[in-house]
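The letter at position 30 of the sequence shown is residue 30 when you use my numbering, and the numbering goes up by one with no holes.
Think of the CB as a built atom: it goes at the ideal place given N, C-alpha and C, for glycine as much as any other residue.
Quick caveat: nothing in here was measured; it's all calculated off a predicted structure.
Have a look at the structure below before the remarks.
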Amino acid sequence: MQIPNAVSKHEGTVLIVDDFVMPGDFLDSLKQELVAAGPSEDRIRSAAVAVTKISVNNHKALDCYWWLAEDDRFFFPWGKAHE
Numbered sequence: 001m002q003i004p005n006a007v008s009k010h011e012g013t014v015l016i017v018d019d020f021v022m023p024g025d026f027l028d029s030l031k032q033e034l035v036a037a038g039p040s041e042d043r044i045r046s047a048a049v050a051v052t053k054i055s056v057n058n059h060k061a062l063d064c065y066w067w068l069a070e071d072d073r074f075f076f077p078w079g080k081a082h083e
């Protein structure tokens, strides 16, 4: 994972957007990398179209999501949801 150097100079809020979050592990790792690059954790927000109950139960759900999915057995217009 490569975090641009400009992130360390950014004074606003960083928004991470994803289409689907299943366990939430990658998002968690990305947030840790961003914090290491400069922005404080309270300046990082996340959003997704769909999350699974796994991410919610693991306390790795995003700040904002549209749909809570039972599992990954559904399709977006651009293809099957997968991690």
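Check, Outcome
"Since lysine 163 and aspartate 28 are thought to touch, with beta carbons under 8 Å apart, how far apart are those beta carbons, to the nearest angstrom?", "The structure shown does not extend to residue 163, since the chain is modelled only from 1 through 83, so no value can be given for it."
"Helix, strand or coil for serine 46, going by three-state DSSP, please let me know.", "strand"
"Between which two residues does the alpha helix (DSSP H) carrying alanine 36 extend?", "25-37"
"Give me the residue from His10, Ser8, Met22 with the minimum Cα distance to asparagine 57.", "Met22"
"Just to confirm, are serine 40 and leucine 62 a CB contact at a threshold of 9 Å?", "no"
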